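Following: one structure in structure tokens, then a few remarks.
2 protein chains.
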Amino acid sequence: MIRRLSQARERGIPEATVARLPLYLRALNGMSERGLATVSSEDLAVAAGVNSAKLRKDLSHLGSYGTRGVGYDVEYLIYQISRELGLTQDWAIAIVGVGNLGRALANYGGFVSRGFRVAALLDADPAVVGDRIAGLNVEHIDELEAVIRRRGVSIVVLATPAAAAQQVADRVIAAGITSILNFAPVVLSVPEGVDIRKVDLSIELQILAFHEQRKTDRMTGGAAMAEEWPEAVDL
Amino acid sequence: MIRRLSQARERGIPEATVARLPLYLRALNGMSERGLATVSSEDLAVAAGVNSAKLRKDLSHLGSYGTRGVGYDVEYLIYQISRELGLTQDWAIAIVGVGNLGRALANYGGFVSRGFRVAALLDADPAVVGDRIAGLNVEHIDELEAVIRRRGVSIVVLATPAAAAQQVADRVIAAGITSILNFAPVVLSVPEGVDIRKVDLSIELQILAFHEQRKTDRMTGGAAMAEEWPEAVDL
DNA sequence: GTCCCTTTGTGAACCGGTGCACAAAGTGAT
DNA sequence: ATCACTTTGTGCACCGGTTCACAAAGGGAC
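See the structure below:
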């Protein structure tokens with residue numbers, strides 16, 4: 001039996017798997033709190049809302065951490081997933097843009113819970129600079145590069161207006177940041193090697209609207225909608 | 001019952017395409033504002049941050065709305081995509097949970113811009129019920145079913161604490177809602193036919209952390225991390 | 001040890017989506 | 001009308017990811 005390297009994982013975890021690991025982690029934490037010692041792939045899959053075969057394959061990418069006939073040790077699996085995701089270290093994040101959304105993010109408990117720490121809040125508006133939000137002083141955007149350096153920020157969250165996002169992105173990237181979570185409704189162009197993830201509230205709603213429309217269309221039998229322009233439309 | 005429309009679109013638009021249509025729409029709106037009359041698939045693809053072949057295939061699912069040698073008529077395409085997404089009608093949405101996030105969502109301009117209208121805000125906390133936010137009165141969660149009926153709400157946004165989300169979801173579904181946008185960090189279980197979309201802020205951060213860790217690992221050459229448990233870990 | 005039961009880990013088929021590359025279709029010039 | 005040029009729409013090969021289904025592995029009883 002030839003065991004490759006230490007485990008079956010030669011550092012090539014599929015993107016789809018990575019996206020689900022936080023889900024498993026959350027389910028496992030709930031089980032840990034309820035005192036469960038072990039869990040089967042079936043039970044964990046149900047808790048995470050996925051297919052059990054998929055869960056097993058996902059976990060197999062991390063290594064062979066289960067015991068046949070028994071299941072997975074909850075605490076051990078929490079540790080392994082946390083380590084894989086990099087949550088055993090402390091990540092300092094900066095939030096740029098302290099509007100309604102920025103404030104919500106700053107106060108959002110879910111960040112702090114697992115390895116993330118809001119280390120800085122920045123804004124361009126002099127009216128909010130100096131405000132104290134979630135225990136932090138809002139600093140002026142001019143301080144961006146200095147703050148990133150000083151606080152060891154490695155992930156930046158953009159909650160600015162759309163018009164400012166690209167400009168801020170350019171600056172944080174120039175300052176050495178390579179991971180950005182973007183809430184502004186724009187397509188950012190960034191150099192190779194920089195990871196951008198995008199959360200777009202209105203796009204999610206539009207997707208829902210599409211499906212909702214189809215459902216109601218089907219119920220009213222109104223399959224035949226106008227294909228052409230309506231009579232009067234202002235161009 | 002043979003349903004088939006005039007064009008090549010027999011009502012089977014791939015999910016991946018649907019998810020990109022809002023992106024195209026946003027890019028097209030920008031072009032419309034700048035006065036562009038037509039746009040090539042190449043230019044639109046760049047603006048939306050996708051491959052041009054993919055864009056053409058996506059649009060071909062809606063119908064044959066381009067002109068070879070010329071491109072697409074901006075206004076016409078805006079209209080067609082809007083109609084396909086169901087944005088030519090007005091969608092009343094209710095936001096349940098008026099914490100930091102709920103407030104941010106209520107004030108978020110991006111919703112109103114395209115077919116969506118925040119028609120109700122609800123919360124369980126008597127301290128916030130009655131508050132006026134974004135021009136709306138916050139109503140008590142007891143009124144949920146009545147408000148949904150009275151205002152013609154068809155999409156519900158959940159911005160409640162995790163513990164309350166499933167319960168609220170059950171109620172809105174019982175009230176006839178079939179489209180839910182969930183911001184609470186829980187896996188909701190819902191009956192067949194109900195569409196759930198989930199936005200999870202901390203999961204996005206965890207995915208970024210994973211990639212960030214790999215980048216820094218690679219730079220420091222630290223490929224050999226401990227596979228086993230650390231010496232002292234509290235179970 | 002042997003038998004039976006449970007559950008993992010994975011080979012292999014399948015499926016949706018991507019992107020290349022090109023024929024078809026249109027424009028404009030001459 | 002013809003030619004040169006542009007750009008769409010799509011056939012096809014490819015790829016990552018999902019799911020099925022089962023052999024392999026472990027536990028527990030006797």
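Note that the protein sequences, when read in sequence, are chains A and B. Take UniProt numbering: the final residue in the first sequence is number 235, and no numbers are missing along the way. Take UniProt numbering: the final residue in the second sequence is number 235, and no numbers are missing along the way. Ideal Cβ positions, reconstructed from N, Cα and C, are used throughout, including at glycine. Here the structure is a predicted model, which means the values were calculated and not measured.
Ranking B:188, B:106, B:98 by CA distance to the CA of residue 141 of chain B puts B:98 first. Inter-segment contact for the stretch 34 to 53 of chain B and the stretch 63 to 77 of chain B is present: three or more beta-carbon pairs are separated by less than 8 angstroms.
Spanning the alpha carbons of residue 171 of chain B and residue 188 of chain B requires a straight line of approximately 13 angstroms. When the Cα atoms are used, residue 103 of chain A and residue 205 of chain A turn out to be separated by approximately 22 angstroms. Annotation for residue 68 of chain B: no alpha helix (DSSP H) segment contains it, and DSSP assigns it neither H nor E.
Where residue 134 of chain A is concerned, there is no enclosing beta strand (DSSP E), because DSSP gives it neither an H nor an E. When DSSP states are grouped into helix, strand and coil, residue 211 of chain B belongs to the helix group. Not one beta carbon of chain B lies nearer than 8 angstroms to the beta carbon of residue 170 of chain A. With respect to residue 139 of chain A, residue 129 of chain A sits close: the two C-beta atoms are nearer than 8 angstroms.
As DSSP reads the structure, residue 179 of chain B sits in a beta bridge with B:195. Under the rule that a run must span 3 or more residues, the beta strand (DSSP E) segments found entirely inside the stretch 51 to 108 of chain A read 71 to 73, 91 to 96.
Chain A has a Cβ within less than 8 angstroms of the Cβ of residue 178 of chain B. Following the DSSP letters along the chain, one finds residue 155 of chain A inside the beta strand (DSSP E) bounded by residues 155 to 158. The beta carbon of residue 65 of chain A sits closer than 7 angstroms to those of 59, 72, 76, 77, 80, all from its chain and outside the five residues before and after it, given in chain order. Counting the other CB atoms within 10 Å of its CB gives residue 200 of chain A a total of 16 or more, which places it among the buried residues. Apart from the 5 residues on each side of it in sequence, residue 50 of chain A sits with its Cβ closer than 7 angstroms to the Cβ of 20 in its chain, given in chain order. DSSP, reduced to helix, strand and coil, places residue 46 of chain A within a helical segment of the structure shown.
Between residue 62 of chain B and residue 95 of chain B the beta-carbon gap is near 31 angstroms, outside 8 angstroms, which marks them as no contact.
Comparing C-alpha distances from residue 136 of chain A to each of A:93, A:110, A:178 shows the shortest one belongs to A:93. Put simply, the CB of residue 54 of chain A is far from chain B, with every gap to its CB atoms at 8 angstroms or more. In the three-state reduction of the DSSP assignment, residue 163 of chain A falls in the helix class. CA-to-CA, the gap between residue 151 of chain B and residue 216 of chain B works out to about 52 angstroms.
Contact annotation: residue 48 of chain A and residue 23 of chain A have beta-carbon atoms nearer than 8 angstroms. Annotation: residue 18 of chain B is outside any beta strand (DSSP E); the continuous alpha helix (DSSP H) that includes it extends over 15 to 33.
In this structure, DSSP gives residue 114 of chain B a state outside helix and strand, which the three-state scheme calls coil. Residue nearest to residue 69 of chain B within the set B:57, B:42, B:185 is B:42 (criterion: CA-CA distance). Judged by beta-carbon spacing, residue 209 of chain A lies beyond the 8 angstroms limit of residue 184 of chain A, meaning their Cβ atoms are not closer than that value. Counting C-beta atoms within 10 angstroms of its own C-beta, residue 88 of chain A has fewer than 16 neighbours from the protein chains shown and is therefore classed as exposed. Partner residues in the beta bridge of residue 120 of chain A, as assigned by DSSP, are A:94. With distances taken between CA atoms, residue 194 of chain A lies nearest to A:156 out of A:212, A:211, A:214, A:156. The beta carbon of residue 138 of chain B sits no closer than 8 angstroms to any beta carbon of chain A. Pairing residue 84 of chain A with residue 167 of chain B, the inter-Cα distance amounts to about 33 angstroms. Setting aside the 5 residues that flank it on each side, residue 191 of chain A is surrounded in the same chain by 173, each with a C-beta closer than 8 angstroms to its C-beta; the list follows chain order. In summary, the residues of the stretch 203 to 220 of chain A whose CB is separated from some CB of chain B by less than 7 angstroms are 203, 204, 205, 206, 207, 208, 209, 210, 211, 212, 213, 215, in the order they occur in the chain.
Here DSSP, grouped into helix, strand and coil, assigns residue 220 of chain B to helix.
Taking a contact as a CB-CB distance under 8 angstroms, the pair residue 179 of chain A and residue 212 of chain B counts as one, their CB atoms being some 5 angstroms apart.
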